[in-house]
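Quick note: the sequence shown, position 150, residue 152 per the working numbering, numbers continuous.
Have a look at the structure below, then the notes.
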Amino acid sequence: MAQANGQAAEEKVNQGLQFIQQGRLNDAIESFKTAARLNPNMAAAHYNLGLALRQQGQLQASATAFHQATQADPNFALAYANLGAALLEGNNLNQARDYLQRSLELEPKLGLAHYNLGLVLELQGDLQGAIRAFREAAQLTPSAPEPPYHLGLVYQKQQKSKDAIAAFQQAVQRNPNYAEAHYSLGSVLFNQGDLGGALSAFRKSSQVNPNYANAYYGAGLVLVRQKKLTDAQQVLKYAKNLFTAQKNLPWAEKADQQLKKLGTP
3 MAQANGQAAE EKVNQGLQFI QQGRLNDAIE SFKTAARLNP NMAAAHYNLG LALRQQGQLQ
63 ASATAFHQAT QADPNFALAY ANLGAALLEG NNLNQARDYL QRSLELEPKL GLAHYNLGLV
123 LELQGDLQGA IRAFREAAQL TPSAPEPPYH LGLVYQKQQK SKDAIAAFQQ AVQRNPNYAE
183 AHYSLGSVLF NQGDLGGALS AFRKSSQVNP NYANAYYGAG LVLVRQKKLT DAQQVLKYAK
243 NLFTAQKNLP WAEKADQQLK KLGTP
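Following this line, the structure appears as C-alpha coordinates:
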(Lines of atoms letter the chains of each structure in order from A and count residues from 1; the text may use other names and numbers.)
(Lines give C-alpha, C1' and ligand atoms only; values in the text may rest on other atoms or scores of the structure.)
Protein backbone atom coordinates (compact mmCIF):
# COMPACT_ATOMS: atom_id res chain seq x y z
CA MET A 1 0.00 0.00 0.00
CA ALA A 2 2.75 2.45 0.98
CA GLN A 3 4.66 1.59 -2.19
CA ALA A 4 1.54 2.17 -4.30
CA ASN A 5 0.95 5.54 -2.60
CA GLY A 6 4.59 6.48 -3.18
CA GLN A 7 4.31 5.71 -6.88
CA ALA A 8 0.99 7.57 -7.17
CA ALA A 9 2.51 10.58 -5.38
CA GLU A 10 5.45 10.61 -7.78
CA GLU A 11 3.05 10.53 -10.74
CA LYS A 12 1.13 13.47 -9.25
CA VAL A 13 4.35 15.49 -8.83
CA ASN A 14 5.29 14.83 -12.47
CA GLN A 15 1.76 15.80 -13.52
CA GLY A 16 2.08 19.02 -11.49
CA LEU A 17 5.39 19.86 -13.18
CA GLN A 18 3.75 19.39 -16.59
CA PHE A 19 0.92 21.73 -15.54
CA ILE A 20 3.54 24.33 -14.51
CA GLN A 21 5.10 24.14 -18.00
CA GLN A 22 1.63 24.64 -19.50
CA GLY A 23 0.98 27.66 -17.30
CA ARG A 24 -1.84 25.87 -15.41
CA LEU A 25 -0.84 26.98 -11.93
CA ASN A 26 -4.07 26.06 -10.10
CA ASP A 27 -4.05 22.54 -11.55
CA ALA A 28 -0.38 22.18 -10.59
CA ILE A 29 -1.13 23.21 -6.99
CA GLU A 30 -3.90 20.60 -6.75
CA SER A 31 -1.56 17.91 -8.13
CA PHE A 32 1.21 18.77 -5.64
CA LYS A 33 -1.32 18.85 -2.76
CA THR A 34 -2.59 15.39 -3.75
CA ALA A 35 1.00 14.09 -3.95
CA ALA A 36 1.72 15.45 -0.46
CA ARG A 37 -1.44 13.79 0.92
CA LEU A 38 -0.54 10.46 -0.71
CA ASN A 39 3.02 10.59 0.63
CA PRO A 40 3.55 13.15 3.42
CA ASN A 41 7.26 12.22 3.54
CA MET A 42 7.85 13.19 -0.10
CA ALA A 43 9.90 16.40 0.13
CA ALA A 44 9.58 17.13 -3.62
CA ALA A 45 5.77 17.32 -3.33
CA HIS A 46 5.90 19.93 -0.54
CA TYR A 47 8.75 21.82 -2.19
CA ASN A 48 7.06 22.16 -5.60
CA LEU A 49 3.81 23.07 -3.86
CA GLY A 50 5.73 25.84 -2.08
CA LEU A 51 7.17 27.16 -5.36
CA ALA A 52 3.73 27.18 -7.03
CA LEU A 53 2.02 28.87 -4.06
CA ARG A 54 4.74 31.52 -3.93
CA GLN A 55 4.30 32.16 -7.65
CA GLN A 56 0.62 32.77 -6.86
CA GLY A 57 1.55 35.21 -4.08
CA GLN A 58 0.36 32.96 -1.23
CA LEU A 59 3.35 33.66 1.05
CA GLN A 60 2.11 32.07 4.27
CA ALA A 61 0.94 28.89 2.52
CA SER A 62 4.19 28.66 0.54
CA ALA A 63 6.26 29.06 3.74
CA THR A 64 4.26 26.23 5.33
CA ALA A 65 4.90 23.99 2.30
CA PHE A 66 8.65 24.74 2.30
CA HIS A 67 8.76 24.03 6.05
CA GLN A 68 7.06 20.68 5.45
CA ALA A 69 9.68 19.94 2.77
CA THR A 70 12.45 20.52 5.34
CA GLN A 71 10.63 18.24 7.79
CA ALA A 72 10.46 15.52 5.16
CA ASP A 73 14.14 16.02 4.25
CA PRO A 74 16.19 17.88 6.90
CA ASN A 75 19.13 18.18 4.45
CA PHE A 76 17.13 19.88 1.65
CA ALA A 77 19.16 23.10 1.30
CA LEU A 78 16.99 24.64 -1.44
CA ALA A 79 13.86 24.15 0.67
CA TYR A 80 15.48 26.09 3.56
CA ALA A 81 16.58 28.79 1.09
CA ASN A 82 13.08 29.22 -0.34
CA LEU A 83 11.53 29.09 3.13
CA GLY A 84 13.88 31.92 4.12
CA ALA A 85 12.97 33.88 0.98
CA ALA A 86 9.22 33.48 1.63
CA LEU A 87 9.66 34.62 5.25
CA LEU A 88 11.71 37.60 4.01
CA GLU A 89 8.85 38.62 1.71
CA GLY A 90 6.53 38.33 4.71
CA ASN A 91 8.95 40.54 6.70
CA ASN A 92 9.79 37.80 9.25
CA LEU A 93 13.45 38.79 9.18
CA ASN A 94 14.89 36.85 12.13
CA GLN A 95 13.30 33.57 11.07
CA ALA A 96 14.29 34.22 7.45
CA ARG A 97 17.93 34.75 8.48
CA ASP A 98 17.98 31.53 10.52
CA TYR A 99 16.64 29.38 7.69
CA LEU A 100 18.90 31.00 5.09
CA GLN A 101 21.93 30.40 7.31
CA ARG A 102 20.82 26.77 7.74
CA SER A 103 20.60 26.35 3.95
CA LEU A 104 24.18 27.68 3.64
CA GLU A 105 25.44 25.29 6.30
CA LEU A 106 24.08 22.49 4.10
CA GLU A 107 25.12 24.02 0.75
CA PRO A 108 27.71 26.83 1.08
CA LYS A 109 27.69 27.58 -2.65
CA LEU A 110 23.96 28.28 -2.90
CA GLY A 111 23.88 31.71 -4.56
CA LEU A 112 20.13 32.19 -4.00
CA ALA A 113 20.59 31.81 -0.24
CA HIS A 114 23.53 34.25 -0.11
CA TYR A 115 21.47 36.79 -2.10
CA ASN A 116 18.39 36.55 0.14
CA LEU A 117 20.58 36.59 3.25
CA GLY A 118 22.08 39.84 1.92
CA LEU A 119 18.58 41.34 1.61
CA VAL A 120 17.75 40.30 5.20
CA LEU A 121 21.00 41.68 6.62
CA GLU A 122 20.58 44.96 4.72
CA LEU A 123 17.08 45.39 6.19
CA GLN A 124 18.45 44.60 9.65
CA GLY A 125 21.12 47.29 9.25
CA ASP A 126 24.09 44.89 9.06
CA LEU A 127 25.58 46.53 5.96
CA GLN A 128 28.98 44.80 6.14
CA GLY A 129 27.27 41.42 6.44
CA ALA A 130 25.03 42.33 3.50
CA ILE A 131 28.07 43.29 1.40
CA ARG A 132 29.72 39.93 2.10
CA ALA A 133 26.53 38.06 1.19
CA PHE A 134 25.90 40.02 -2.05
CA ARG A 135 29.54 39.63 -3.12
CA GLU A 136 29.31 35.88 -2.56
CA ALA A 137 26.00 35.72 -4.46
CA ALA A 138 27.44 37.76 -7.35
CA GLN A 139 30.35 35.35 -7.62
CA LEU A 140 28.23 32.18 -7.41
CA THR A 141 25.54 33.42 -9.86
CA PRO A 142 27.64 35.16 -12.54
CA SER A 143 24.70 35.96 -14.84
CA ALA A 144 22.27 37.30 -12.20
CA PRO A 145 22.12 41.13 -12.13
CA GLU A 146 20.34 41.45 -8.76
CA PRO A 147 23.30 40.71 -6.43
CA PRO A 148 25.58 43.44 -7.85
CA TYR A 149 22.61 45.85 -8.01
CA HIS A 150 21.82 45.40 -4.32
CA LEU A 151 25.53 45.51 -3.52
CA GLY A 152 25.56 48.91 -5.21
CA LEU A 153 22.59 50.10 -3.12
CA VAL A 154 24.45 49.18 0.08
CA TYR A 155 27.59 50.99 -1.08
CA GLN A 156 25.36 53.97 -1.93
CA LYS A 157 24.04 53.95 1.67
CA GLN A 158 27.66 53.95 2.87
CA GLN A 159 28.45 56.83 0.47
CA LYS A 160 31.12 54.69 -1.23
CA SER A 161 30.45 56.15 -4.66
CA LYS A 162 33.29 54.45 -6.54
CA ASP A 163 32.28 50.99 -5.29
CA ALA A 164 28.60 51.73 -5.98
CA ILE A 165 29.35 52.79 -9.58
CA ALA A 166 31.36 49.60 -10.20
CA ALA A 167 28.54 47.44 -8.78
CA PHE A 168 25.79 49.16 -10.81
CA GLN A 169 27.92 48.89 -13.96
CA GLN A 170 28.30 45.17 -13.34
CA ALA A 171 24.50 44.87 -12.92
CA VAL A 172 23.77 46.55 -16.28
CA GLN A 173 26.47 44.49 -17.99
CA ARG A 174 24.69 41.38 -16.79
CA ASN A 175 21.29 42.75 -17.82
CA PRO A 176 21.32 45.80 -20.11
CA ASN A 177 17.52 46.07 -19.63
CA TYR A 178 17.72 46.63 -15.86
CA ALA A 179 16.04 50.04 -15.60
CA GLU A 180 16.55 50.46 -11.84
CA ALA A 181 20.28 49.72 -12.13
CA HIS A 182 20.72 52.32 -14.90
CA TYR A 183 18.80 54.83 -12.77
CA SER A 184 20.86 54.12 -9.64
CA LEU A 185 24.06 54.43 -11.67
CA GLY A 186 22.82 57.79 -12.94
CA SER A 187 22.05 58.96 -9.40
CA VAL A 188 25.58 58.25 -8.17
CA LEU A 189 27.18 59.83 -11.25
CA PHE A 190 24.95 62.91 -10.80
CA ASN A 191 26.06 63.30 -7.17
CA GLN A 192 29.68 62.92 -8.36
CA GLY A 193 29.18 65.79 -10.82
CA ASP A 194 29.47 63.56 -13.93
CA LEU A 195 26.49 65.14 -15.67
CA GLY A 196 27.10 63.57 -19.09
CA GLY A 197 27.42 60.08 -17.61
CA ALA A 198 24.36 60.63 -15.42
CA LEU A 199 22.20 61.84 -18.33
CA SER A 200 23.27 58.85 -20.42
CA ALA A 201 22.34 56.44 -17.58
CA PHE A 202 18.95 58.11 -16.98
CA ARG A 203 18.16 58.01 -20.71
CA LYS A 204 19.04 54.30 -20.89
CA SER A 205 16.78 53.69 -17.91
CA SER A 206 13.83 55.42 -19.59
CA GLN A 207 14.50 53.65 -22.91
CA VAL A 208 14.41 50.27 -21.18
CA ASN A 209 11.24 51.18 -19.24
CA PRO A 210 9.36 54.15 -20.75
CA ASN A 211 7.06 54.23 -17.69
CA TYR A 212 9.90 54.64 -15.19
CA ALA A 213 9.13 58.17 -14.03
CA ASN A 214 12.23 58.47 -11.80
CA ALA A 215 14.45 58.22 -14.88
CA TYR A 216 12.81 61.29 -16.48
CA TYR A 217 12.99 63.14 -13.17
CA GLY A 218 16.71 62.39 -12.90
CA ALA A 219 17.29 63.50 -16.49
CA GLY A 220 15.39 66.71 -15.74
CA LEU A 221 17.70 67.49 -12.80
CA VAL A 222 20.75 66.97 -15.02
CA LEU A 223 19.33 69.30 -17.69
CA VAL A 224 18.67 71.96 -15.03
CA ARG A 225 22.31 71.67 -13.90
CA GLN A 226 23.41 71.91 -17.56
CA LYS A 227 21.31 75.12 -17.95
CA LYS A 228 19.20 73.46 -20.69
CA LEU A 229 16.09 74.86 -19.11
CA THR A 230 13.57 74.36 -21.94
CA ASP A 231 14.51 70.69 -22.21
CA ALA A 232 14.45 70.40 -18.42
CA GLN A 233 10.91 71.81 -18.23
CA GLN A 234 9.68 69.38 -20.88
CA VAL A 235 11.22 66.32 -19.19
CA LEU A 236 10.16 67.32 -15.66
CA LYS A 237 6.58 67.93 -16.85
CA TYR A 238 6.59 64.46 -18.39
CA ALA A 239 7.92 62.99 -15.12
CA LYS A 240 5.28 64.84 -13.09
CA ASN A 241 2.47 63.54 -15.32
CA LEU A 242 3.79 59.99 -15.09
CA PHE A 243 4.11 60.19 -11.30
CA THR A 244 0.56 61.57 -11.09
CA ALA A 245 -0.84 58.84 -13.36
CA GLN A 246 0.92 56.22 -11.22
CA LYS A 247 -0.53 57.84 -8.05
CA ASN A 248 2.97 58.49 -6.74
CA LEU A 249 2.01 61.85 -5.26
CA PRO A 250 5.15 62.61 -3.16
CA TRP A 251 7.33 62.34 -6.27
CA ALA A 252 4.78 64.24 -8.40
CA GLU A 253 5.09 67.01 -5.80
CA LYS A 254 8.91 66.89 -6.07
CA ALA A 255 8.72 67.29 -9.84
CA ASP A 256 6.23 70.14 -9.39
CA GLN A 257 8.62 71.92 -6.99
CA GLN A 258 11.41 71.69 -9.58
CA LEU A 259 9.08 73.13 -12.26
CA LYS A 260 8.13 76.02 -9.96
CA LYS A 261 11.82 76.81 -9.48
CA LEU A 262 12.05 77.08 -13.26
CA GLY A 263 9.05 79.40 -13.29
CA THR A 264 6.75 76.81 -14.85
CA PRO A 265 3.21 76.52 -13.48
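We treat Cβ as the ideally placed atom computed from N, Cα and C, and that holds for glycine.
- Taking 4 residues as the shortest admissible run, the region 160-235 contains the following complete alpha helix (DSSP H) segments, listed from N- to C-terminal end: 163-176, 181-193, 197-210 and 215-227.
- Pairing Pro149 with Arg137 gives a Cβ-Cβ distance under 9 angstroms.
- With contacts defined as CB atoms closer than 9 angstroms, Pro252 and Val210 fail to qualify as a contacting pair.
- With 16 or more other Cβ atoms inside 10 Å of its own Cβ, Glu182 counts as buried.
- For the alpha helix (DSSP H) assignment, the uninterrupted runs of no fewer than 4 residues enclosed by the region 29-74 are, from N- to C-terminal side, 45-57 and 61-74.
- Gly154 sits buried, since 16 or more C-beta atoms from the chains shown fall within 10 Å of its C-beta.
- Around the Cβ of Gln158, a 10 Å sphere holds 16 or more other Cβ atoms; the residue is buried.
- The beta-carbon distance between Gln260 and Val224, rounded to whole angstroms, is 12 angstroms. This is too long to meet the 8 angstroms contact definition.
- In summary, Thr232 is exposed, with fewer than 16 beta-carbon neighbours lying within 10 Å of its beta-carbon over all protein chains present.
- Taking all protein chains in view, the Cβ of Arg39 is surrounded by fewer than 16 other Cβ atoms within 10 Å, so the residue is classified as exposed.
- Annotated three-state conformation of Gln248 is coil, per DSSP.
- Annotation for Ala47: Ala11, Val15, Phe34, Ala37, Ala38 and Asn41 place their beta carbon closer than 7 angstroms to its own, counting only its chain and skipping 5 residues before and after.
- Separation of the CB atoms of Asn93 and Gly52 is rounded to 18 angstroms, and the pair is thereby denied contact status at 8 angstroms.
- Only residues of its own chain outside the window of five on either side were considered, and among them Gly154, Ala183, Ser186 and Leu187 have a CB closer than 6 angstroms to the CB of Phe170, listed in chain order.
- Setting aside the 5 residues that flank it on each side, Val237 is surrounded in the same chain by Tyr218, Ala221, Gly222 and Leu225, each with a C-beta closer than 7 angstroms to its C-beta; the list follows chain order.
- Relative to the Cα of Tyr180, the nearest Cα in the group Glu124, Arg205 and Arg104 belongs to Arg205.
- Around Asn77, the same chain offers Leu108 as residues with beta carbons nearer than 8 angstroms, after the five sequence neighbours per side are excluded.
- Taking 9 angstroms as the cut-off, the Cβ atoms of Gly18 and Ala54 count as close.
- Per DSSP, Asn118 is one residue of the alpha helix (DSSP H) stretching across Gly113 to Leu125.
- Secondary structure of Asn84 (DSSP, three-state): helix.
- Counting along the chain, the unbroken alpha helix (DSSP H) around Arg137 starts and ends at Leu129 to Leu142.
- Closest by C-alpha distance to Lys111, out of Ala140, Gln130 and Arg99, is Ala140.
- If you ignore the 5 residues before and after Leu90, its C-beta comes within less than 7 angstroms of the C-beta of Ala98, Asn118, Leu121 and Val122, all in its own chain and listed in chain order.
- Straight through space, the alpha carbons of Gln58 and Asn216 are spaced by roughly 29 angstroms.
- By the criterion of a C-beta distance shorter than 6 angstroms, Ala173 is surrounded in its chain by Pro147, Pro150, Tyr151, Tyr180 and Ala183, once the five residues flanking it on both sides are discounted.
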